[in-house]
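Residue numbers (mature numbering (1 follows the signal peptide of the UniProt record, and there is no 0)): -21 to -1, 1 to 211.
Read through the structure below, which is laid out as structure tokens, and then see the notes.
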Amino acid sequence: MRHAFAAFAFGALVGASPVVAQDRGTVVELFTSQGCSSCPPADRILAQLADRDDVIALALHVDYWDYIGWADDLGNAAFTQRQRAYAQTWAARQVYTPQMVVAGVDEFVGSHPVVAMDRVAAHPAAADPVRVDLSRAGDTLTITAEVQGPVPPTALVQLVRYEPEVVRDIAKGENAGQTIVYRNVVTSWAEVGAWSTEQPLRLDVSAPGDQPAVVIVQDGASGPILGAVRLR
């Protein structure tokens, strides 16, 4: 469930000091699939980006290739819908894999390493119009954000969790016989609220488990990414 908020918090932190180590970076989304023969090169490029502190690399496995012989157990219909929402925003005629999306605005075929590195360099996180900070105390994340450039009146705050590495032996389909290492595989992508950007944001959210957490502030669900931060 989404909630609208301005500058308030819910939940409480009692008797714990928050963890403050965090990375800000350019968000790179890779729409990929275990059943796509063109995807392994893009998966390897994302793995390189995942090792960079200035990039928040996220692999979103889609489900629309499952019919060709191998069902992607990492696929999620919600990630397919996210990709389709981008396509609708850009008036694109179709979705495809492997597709990379940088900063919510720049899309291209994700198997081209030079293009990927150039596009990431063109969208440095230091230029983001929103500064987001994130800390943890137990199972609670504290999100704060403030405007430092032009922004829309409201922005969508999203919490992303991912598995840093997943290995799959693929027995059927276009990638049959391959063992593929996937990095930063998204396991959940939740909208936690609509922020009125006229006021600074402070928000506490429940985030149990030890998976890394990413907070993305975006102009709607498929607009430009305004700011992002990660706790590993």
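C-beta atoms are modelled at their ideal positions from N, C-alpha and C, and glycine is treated no differently.
Exercise. So, S201 versus Y43, is the Cβ gap smaller than 8 Å?
Worked result: What you label residue 201 is simply residue 222 of the sequence shown in a count that begins at 1. What you label residue 43 is simply residue 64 of the sequence shown in a count that begins at 1. Their beta carbons are not under 8 Å apart, which means S201 does not touch Y43 by this criterion.
Rounded separation between P179 and W49 - CA only: Counted from its first residue, the sequence shown places residue 179 at position 200. Counted from its first residue, the sequence shown places residue 49 at position 70. Spanning the two alpha carbons is a distance of roughly 46 Å.
For R110, which residues in the same chain have their Cβ closer than 7 Å to its Cβ, ignoring the five residues on either side in sequence?
Within the sequence shown, the letter at position 131 stands for residue 110. The residues are A124, E125, Q127, G206.
Measure the alpha-carbon distance for R23 versus Y161 and round it to whole angstroms. Locating residue 23 in the sequence shown gives position 44, where the first residue counts as 1. Locating residue 161 in the sequence shown gives position 182, where the first residue counts as 1. Each residue's Cα considered, the two are about 8 Å apart.
Going by DSSP, which residues form a beta bridge with A21? For this step, residue 21 is matched to residue 42 along the sequence shown. Bridge partners of A21: none, in fact.
Open item on the list: If contact is defined by three or more beta carbon pairs under 8 Å, each pair taking one atom from either stretch, is the segment 134 to 152 in contact with the segment 57 to 76?
Closed with: no
Excluding sequence positions up to five away, which residues of its chain have a Cβ less than 6 Å from the Cβ of R211?
Within the sequence shown, residue 211 is the residue found at index 232, counting from 1. Contacts found: P191.
*Does the separation of the CB atoms of residue 212 and V208 fall below 8 Å?*
Nothing can be reported for residue 212: it is not among the residues displayed for the chain, which extend from -21 to 211.
Notebook entry, point to check: Along the chain, where does the beta strand (DSSP E) that runs through D112 open and close?
Noted result: Residue 112 sits at position 133 when you count from the first residue of the sequence shown. That run of the beta strand (DSSP E) goes 109 to 116.
Fill in: Residues near Q78 in its chain [Cβ-Cβ closer than 8 Å; skip 5 each side]
For the purposes of this step, residue 78 is identified with residue 99 of the sequence shown, where counting begins at 1. Answer for Q78: L9, F10, Q62, E86, F87, V88, G89, listed in chain order.
Margin query: Assuming V6 and G83 are in contact, meaning their beta carbons sit under 8 Å apart, how far apart are those beta carbons, in whole angstroms?
Written below: Taking the first residue of the sequence shown as 1, we reach residue 6 at position 27. Taking the first residue of the sequence shown as 1, we reach residue 83 at position 104. Indeed they touch by this definition, with Cβ atoms about 7 Å apart.
#### Entry: N163 versus L25: straight-line alpha-carbon distance, rounded
Position 184 of the sequence shown holds residue 163. Position 46 of the sequence shown holds residue 25. So the alpha carbons of these two residues sit roughly 9 Å apart.
Can you give the Cα-Cα distance for E52 and S167, rounded to whole angstroms? Here residue 52 corresponds to residue number 73 of the sequence shown, with the count starting at 1. Here residue 167 corresponds to residue number 188 of the sequence shown, with the count starting at 1. Contrary to the premise, residue 52 reads as Asp rather than Glu in this sequence. If you take the alpha carbons of D52 and S167, they lie about 14 Å apart.
Would you say R147 and Q13 are within 8 Å of each other, going by their C-beta atoms?
Looking up residue 147 in the sequence shown gives position 168. Looking up residue 13 in the sequence shown gives position 34. Cβ distance < 8 Å, so R147 and Q13 count as in contact.
Could you tell me which of R31, A169, H102 sits nearest to V193, measuring between CA atoms?
Here the question's residue 193 lines up with position 214 in the sequence shown. Nearest option by C-alpha distance: A169.
On the CB-based measure, 16 or more other CB atoms within 10 Å of its CB, does I204 come out buried or exposed? Taking the first residue of the sequence shown as 1, we reach residue 204 at position 225. Buried, because 16 or more other Cβ atoms sit within 10 Å of the Cβ of I204.
Q) So T59 and V41 are in contact, right, with Cβ under 8 Å, and what is the actual spacing, rounded? A) Taking the sequence shown and counting its residues from 1, the one referred to as residue 59 is at position 80. Taking the sequence shown and counting its residues from 1, the one referred to as residue 41 is at position 62. The Cβ separation is near 4 Å, so the contact holds.
Using DSSP bridges, identify the partner residues of G206. By one-based count along the sequence shown, residue 206 stands at place 227. DSSP, once it has assigned bridges, lists V196 as partnering G206.
Q. What are the complete beta strand (DSSP E) segments, minimum 3 residues, inside the segment 21 to 58?
A. 34 to 40
Restricting to Cα atoms, I'd like to know which of A57, L39, D32, V34 is closest to C18. Translated into the one-based positions of the sequence shown, residue 18 becomes position 39. Out of A57, L39, D32, V34, L39 has the C-alpha closest to the C-alpha of C18.
- [ ] Go through its chain and collect everything with a Cβ distance to H91's Cβ below 7 Å, but skip five positions before and after it.
- [x] Within the sequence shown, numbered from 1, the residue matching residue 91 stands at position 112. For H91, where only same-chain residues beyond five positions count, there are no Cβ hits under 7 Å.
Quiz prompt | DSSP beta-bridge partners of Q137 | solution = Residue 137 sits at position 158 when you count from the first residue of the sequence shown. Bridge partners of Q137: E170, I195.
Helix, strand or coil for Q62? Go by DSSP, reduced to three states.
As a first step, residue 62 is located in the sequence shown; it is residue number 83 there, counting from the start. Correct three-state label for Q62: helix.
Quick one: is A100 buried, meaning 16 or more other Cβ sit within 10 Å of its Cβ, or exposed?
The count along the sequence shown starts at 1 and reaches residue 100 at position 121. Exposed: under 16 other Cβ atoms inside 10 Å.
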